[in-house]
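Quick note, the sequences are listed as chains A and B, same order.
For the first sequence, this note's numbering assigns the number 37 to the initial residue and increments by one for each residue that follows.
For the second sequence, this note's numbering assigns the number 8 to the initial residue and increments by one for each residue that follows.
C-beta atoms are modelled at their ideal positions from N, C-alpha and C, and glycine is treated no differently.
Please read these numbers as outputs of a predicted model, since none were measured by experiment.
Since the structure comes first, as structure tokens, the remarks are kept for the end.
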Amino acid sequence: MTTISNADDSPYSRSELRPILRCLAAAAAVAAICCLVVPSSAVKTALVQIIPSLRRLVPSVANISREMLDPEESEIILIVQWWFAPIYLFIWFYFYPPWSLRMRRTVAIACQTLSEVKRTIGLTIGILFLGAWLLGDFQIIDFPTFYNAKYVYPLTEAVPQLKLIYISRVALTIYAWVGPIVEASIVWMFFVLVLNAKTYLSPQRPLST
Amino acid sequence: MGAGLATYSALTDQFYTTAGLRSGSLFGIRYGLPALLSDIPGGVGGVIGVYQTASAYNNGNYLGASQAGGATLGGIAGAEGGAAVGALFGPFDVVTIPVGTVIGGVAGAYYGGRAGASIYNSGFMPLDAPLVPPPPPAY
């Protein structure tokens with residue numbers, strides 16, 4: 037057994053979450069601006085001209101906007117938030133790499149606060165559910181995600197609570213803000229669970245070298 | 008305001024720990040301010056779902072009520088499960104529990120809503136179907 041000897045190998049602390057929280061706050065500020073400021077038709081037209089190239093990358097944008105009274109406006113709100121998705125991914129994997137020793141130590145310490153039953157069930161459900169979500173994102177299976185917008189489109193199968201996005205600009209803005217951080221976090225959470233599965237099942241393992 | 012929130016948090020935390028209810032929940036909303044903040048998506052979804060169910064029922068839209076009711080129950084169950092998965096990540100749970108709540112909640116609401124609609128359409132709860140008397144026997 038070894039002890040934690042230096043800061044580089046120490047487990048992550050809550051204060052180290054600042055990069056992701058700051059990015060979330062910045063995205064929220066941008067979302068608020070998009071919600072409050074109604075662009076003029078000239079600005080809207082200019083923004084929409086650069087949207088088509090990005091719209092192809094995110095299928096949910098076109099599907100949701102199709103049902104809106106003002107498709108251009110909703111496209112802008114949604115696409116601007118999806119620009120944050122790669123930034124979220126970069127922060128997750130650069131600052132908190134799931135394969136690092138620090139992550140294994142963090143997981144090991146987190147496991148000490150959870151019972152074995154909770155860990156085992158959580159790990160199993162987590163890998164299956166997050167895996168299904170990612171397969172749905174890649175359209176390998178028919179699983180609804182925020183990326184493919186199957187929770188809100190078509191309307192006949194939409195989640196009743198989420199149908200609010202079609203009648204409320206605020207609800208659409210919140211939905212747009214939540215989608216990218218959720219999708220990026222799912223990728224990271226899935227890798228953390230898979231790469232540290234042994235640690236979850238036997239928490240003492242990562243402390244020995 | 009911060010001091011007030013901190014005091015409320017500390018008091019509720021202590022109260023529910025003493026009462027053995029720290030991890031308890033009511034309609035998807037867990038006790039204590041930190042838990043409440045992390046479960047806002049589930050709580051809001053539950054409240055909206057209950058309102059939608061009641062509204063659809065009062066308007067005579069029984070299919071909609073069945074769908075919204077199923078979505079509400081499924082959403083609450085899913086949010087609880089998702090939050091449990093999010094709790095596996097130690098210090099990252101500030102982000103991962105809300106994310107788990109959201110993804111579990113929407114997935115649960117999606118499949119719960121479909122189940123509610125299927126149950127209604129299967130005739131298990133023909134609330135709005137007029138009672139049709141059986142045809143007279145042919146002689």
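Just to confirm the assignment, what range does the alpha helix (DSSP H) spanning residue i have?
i	result
Y183(A)	Taken as a continuous stretch (DSSP letters only), Y183(A) belongs to no alpha helix (DSSP H), as it is neither H nor E.
I177(A)	Run containing I177(A): none; DSSP gives neither H nor E here.
K199(A)	Taken as a continuous stretch (DSSP letters only), K199(A) belongs to no alpha helix (DSSP H), as it is neither H nor E.
Y211(A)	R205 to L231
V143(A)	L137 to C147
P68(B)	The question names Pro, but residue 68(B) is Asn in the sequence shown. It is not in any alpha helix (DSSP H) - N68(B) carries neither H nor E in the DSSP assignment.
V58(A)	It is worth fixing the name first, because residue 58(A) is Arg in this sequence and not Val. It spans R54 to L72 - the alpha helix (DSSP H) in which R58(A) sits, taken as one unbroken run.
E111(A)	P107 to W118
G97(B)	Here G97(B) belongs to no alpha helix (DSSP H), and DSSP marks it neither H nor E.
S101(A)	P95 to R102
L191(A)	Careful: L191(A) lies outside any alpha helix (DSSP H) and carries neither H nor E.
L125(A)	A121 to F131
Are the C-beta atoms of residue i and some chain B residue less than 8 Å apart?
i	result
F226(A)	no
F165(A)	yes
M37(A)	Confidence at M37(A) is low in this model, with a pLDDT of 41, below 50, so its placement is unreliable and no value can be given for it.
T156(A)	no
L83(A)	no
A67(A)	no
S221(A)	yes
N42(A)	Its pLDDT being 48, under 50, N42(A) is placed unreliably in this model, and the coordinates cannot settle the point.
L231(A)	no
W169(A)	yes
L53(A)	yes
P180(A)	yes
S46(A)	no
Indicate whether at least one CB of chain A lies closer than 8 Å to the CB of residue i.
i	result
Y69(B)	no
V102(B)	yes
L80(B)	no
R29(B)	Per-residue confidence for R29(B) stands at a pLDDT of 46, beneath the threshold of 50, marking its modelled position as unreliable; the derived number appears in the next sentence. With 8 Å as the cut-off, R29(B) does not count as an interface residue toward chain A.
G49(B)	no
A90(B)	no
V113(B)	yes
I126(B)	no
N66(B)	no
A122(B)	no
A75(B)	yes
G130(B)	no
G35(B)	With a pLDDT of 44 at G35(B), under the threshold of 50, the modelled position of that residue is not reliable, and the figure given next carries that caveat. So, not an interface residue.
Could you list which residues in chain A have their beta carbon closer than 7 Å to that of residue i, in chain order?
i	result
P144(B)	Going along chain A, no residue has its Cβ under 7 Å from P144(B), so there is no contact; the nearest lies around 40 Å.
Using the beta-carbon of each residue, which ones in chain B are nearer than 8 Å to residue i?
i	result
R50(A)	P98 and V101
V218(A)	V106, V109 and I110
A61(A)	Ordered by position in chain B, no residue passes the 8 Å Cβ test against A61(A), which lies about 12 Å from the chain.
I145(A)	G97
I56(A)	V102
List the residues of chain A whose Cβ lies closer than 9 Å to the Cβ of residue i, in chain order.
i	result
A116(B)	Y187, V195, P196, Q197 and L198
I55(B)	P196, Q197 and L200
A84(B)	Per Cβ cutoff of 9 Å: no residues; A84(B) is ~12 Å from chain A at best.
Cβ closer than 9 Å: which chain B residues qualify as neighbours of residue i?
i	result
A142(A)	According to the sequence displayed, residue 142(A) carries Thr and not Ala. The answer, in chain order, is F96, G97, P98 and F99.
L159(A)	V92 and L95
For residue i, which residues in chain B fall below 7 Å Cβ to Cβ?
i	result
V214(A)	V109
Check whether the region 164–180 of chain A and the region 67–83 of chain A are in contact - that is, three or more C-beta pairs closer than 8 Å. Result no; under three Cβ-Cβ pairs closer than 8 Å.
Using a Cβ distance threshold of 8 Å, determine whether the region 185–202 of chain A contacts the region 76–84 of chain B, with at least three qualifying pairs required. Touching, yes.
So, do the region 143–155 of chain A and the region 60–71 of chain A have three or more beta carbon pairs nearer to each other than 8 Å? Taking 8 Å as the limit for Cβ pairs, the verdict is that the region 60–71 of chain A does not touch the region 143–155 of chain A.
Does the region 110–127 of chain A come within contact of the region 60–69 of chain B, defined as at least 3 CB pairs closer than 8 Å? Under the Cβ criterion (8 Å, minimum of three pairs), the region 110–127 of chain A does not count as touching the region 60–69 of chain B.
The region 84–101 of chain B contacting the region 44–51 of chain A, beta-carbon criterion three pairs below 8 Å: Contact between the region 84–101 of chain B and the region 44–51 of chain A is established, with three or more Cβ pairs separated by less than 8 Å.
Does the region 99–118 of chain B come close enough to the region 47–58 of chain B that 3 or more CB-CB pairs lie under 8 Å? In short, these stretches touch, since the Cβ pair count reaches three.
Three CB pairs or more closer than 8 Å across the region 224–233 of chain A and the region 155–170 of chain A: Contact between the region 224–233 of chain A and the region 155–170 of chain A is established, with three or more Cβ pairs separated by less than 8 Å.
Are at least three pairs of beta-carbons, each pair with one atom in the region 147–156 of chain A and one in the region 202–220 of chain A, less than 8 Å apart? Touching, no.
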